[in-house]
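Colleague: Pasting a structure here, questions to come.
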Amino acid sequence: MFTPSAGGPLPVIGGPGHASLTSFLKAWPKSLAQQPKALLVVSAHWEENAPTVTAAPQPELIYDYYGFPPESYKLSYPAPGSPELADRVCSLLKAAGMECRKDPKRGWDHGVFIPLMLAFPQAAIPVVQLSLVSSLDPRVHIRMGEALAPLRDEGVAVVASGSSFHNIPALFTAMKEEGTREGELGRKGCQEAVQRSRRFDEWLQHACLDPSLTYEQRCELLAGWRQAPEAAYAHPREEHLMPLHVALGAGRGEAAAAVFDGTAMGVKCTSLQWMPST
9 MFTPSAGGPL
19 PVIGGPGHAS
29 LTSFLKAWPK
39 SLAQQPKALL
49 VVSAHWEENA
59 PTVTAAPQPE
69 LIYDYYGFPP
79 ESYKLSYPAP
89 GSPELADRVC
99 SLLKAAGMEC
109 RKDPKRGWDH
119 GVFIPLMLAF
129 PQAAIPVVQL
139 SLVSSLDPRV
149 HIRMGEALAP
159 LRDEGVAVVA
169 SGSSFHNIPA
179 LFTAMKEEGT
189 REGELGRKGC
199 QEAVQRSRRF
209 DEWLQHACLD
219 PSLTYEQRCE
229 LLAGWRQAPE
239 AAYAHPREEH
249 LMPLHVALGA
259 GRGEAAAAVF
269 DGTAMGVKCT
279 SLQWMPST
């Protein structure tokens with residue numbers, strides 16, 4: 009699944025603009041045929057020059073956000089890590105001709121623990137985080153997903169934590185209007201953000217959901233995502249989109265389903281899911 013990681017800790021602490029997304033994440037596990045045996049989370053907030061996985065048996069949390077209320081830095085998610093899954097991920101990536109490293113000291117950033125606190129609050133399922141590759145090459149991340157596709161048959165859920173829209177100035181403008189209703193300038197900025205985010209989102213849904221497209225066509229569209237309407241506005245830097253490319257590859261070419269199709273932080277946002285074939 010590809011899901012927005014949202015604004016730092018705001019989905020968990022009840023911040024403005026997150027109610028719908030928070031409700032979706034809490035309900036999402038109920039849509040699964042069975043509870044995952046483990047979770048592999050690809051977060052937009054970790055980049056390395058080669059794919060790298062957390063390998064600690066009990067990773068700590070990384071509070072990689074700033075300026076939030078004190079309780080944001082006391083959040084806890086004591087799920088176990090899984091050195092065994094870390095080994096499996098590296099084995100699959102290496103079998104596909106890719107490098108893979110294990111980091112026994114790295115903890116989980118908020119792109120991991122914030123959505124999981126909502127979706128799996130019991131913190132009982134083992135979790136491993138996988139980094140992005142710092143080149144941010146779309147085709148590299150699609151290949152990563154393709155290599156990891158067998159995990160789906162092994163009961164491992166691949167969670168791609170990023171966002172279908174990640175323009176921070178636009179988000180602040182949109183959230184300001186949504187949360188405080190301040191002035192005509194705020195309304196104008198909010199309307200622009202919503203309209204422009206919707207245009208990119210429509211393209212993204214077409215690329216991932218349209219059943220008439222072949223897998224090769226989906227890959228070409230997402231590899232060339234910068235040609236999409238409002239692409240540079242939606243993603244001035246592409247790190248929050250790259251987890252989607254991993255999910256696409258892991259989805260084995262199937263069309264996705266839009267499991268969340270609404271707004272978050274005042275703009276259009278989508279969560280996409282690839283379910284195993286029955």
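Throughout, the numbering used here is defined as the position within the sequence shown, counted from one, plus 8.
Glycine is no exception: its CB is placed at the ideal position from the N, C-alpha and C atoms.
Fair warning: this is a prediction, and the values are worked out from it, not measured in the lab.
1) Looking only at C-alpha atoms, which of SER172, GLU68 and ASP161 sits nearest to ALA41?
2) Using CA atoms only, rank isn't needed, just tell me which of ALA155, PRO112 and LEU249 is closest to LEU212.
3) Can you tell me whether DSSP reads ASP209 as helix, strand or coil?
4) Around the Cβ of LEU93, are there at least 16 other Cβ atoms within 10 angstroms (buried) or fewer (exposed)?
5) Using a 10 Å radius around the Cβ and a threshold of 16 neighbouring Cβ atoms, would you call THR271 buried or exposed?
6) Are the segment 133-147 and the segment 33-53 in contact at 8 Å, needing three or more beta carbon pairs?
7) I'd like to confirm the pairing. Which residues does DSSP put opposite PRO12 in its beta bridges?
8) Which two residues bound the contiguous alpha helix (DSSP H) that contains ARG234?
9) Given a cut-off of 7 Å, decide if ASP111 and THR60 are closer than it, judged by their beta-carbon atoms.
10) Is it buried or exposed for GLY22, if we count other Cβ within 10 angstroms and need 16 for buried?
11) Check whether the Cβ atoms of ALA201 and VAL275 lie closer than 7 Å to each other.
12) Skipping 5 residues on each side, what residues in its chain have a beta carbon closer than 7 Å to that of GLN66?
13) Ordered along the chain, which non-local residues of its own chain (more than five positions away) have a Cβ less than 8 Å from that of LEU217?
14) Where ASP269 and THR278 are concerned, what is the direct C-alpha to C-alpha distance, given to the nearest angstrom?
15) With distances taken between CB atoms, is the gap from GLY259 to TRP282 smaller than 7 Å?
16) Evaluate contact between the segment 170-180 and the segment 120-133, counting only Cβ atoms and requiring at least three cross-stretch pairs below 8 Å.
17) Taking the alpha carbon of VAL254 as the reference point, which residue from ILE150, LEU33 and PRO19 has its own alpha carbon closest?
18) By DSSP, does CYS277 sit in helix, in strand, or in coil?
19) Identify whether TRP54 lies in helix, strand or coil by the three-state DSSP scheme.
Modeller: Per the coordinate set shown:
1) Closest in C-alpha terms to ALA41, from the list SER172, GLU68 and ASP161, comes ASP161.
2) Closest by alpha carbon: LEU249.
3) In the structure shown, ASP209 falls within a helical segment according to DSSP collapsed to helix, strand and coil.
4) Classification of LEU93: buried, given that the 10 Å Cβ count is 16 or more.
5) Burial state of THR271 is buried, judged by a 10 Å Cβ sphere holding 16 or more other Cβ atoms.
6) By the criterion of at least three beta-carbon pairs nearer than 8 Å, the segment 133-147 is in contact with the segment 33-53.
7) Under DSSP, the beta-bridge partners assigned to PRO12 are GLY170.
8) Careful: ARG234 lies outside any alpha helix (DSSP H) and carries neither H nor E.
9) Contact annotation: THR60 and ASP111 have beta-carbon atoms nearer than 7 Å.
10) Flag for GLY22 reads exposed.
11) Against a cut-off of 7 Å, the Cβ pair of VAL275 and ALA201 comes out as a contact.
12) Same-chain partners within the cutoff: PRO88 and GLY89.
13) Only residues of its own chain outside the window of five on either side were considered, and among them ALA263, ALA264, ALA265, ALA266 and LEU280 have a CB closer than 8 Å to the CB of LEU217, listed in chain order.
14) Near 5 Å, if we compare the C-alpha coordinates of THR278 and ASP269.
15) It is a contact, given that the beta carbons lie within the stated cut-off.
16) The segment 170-180, when compared against the segment 120-133, does not touch it at the 8 Å Cβ threshold.
17) Taking only the C-alpha atoms, the option nearest VAL254 is ILE150.
18) Three-state result, CYS277: strand.
19) Reduced to three states, the DSSP call for TRP54 is strand.
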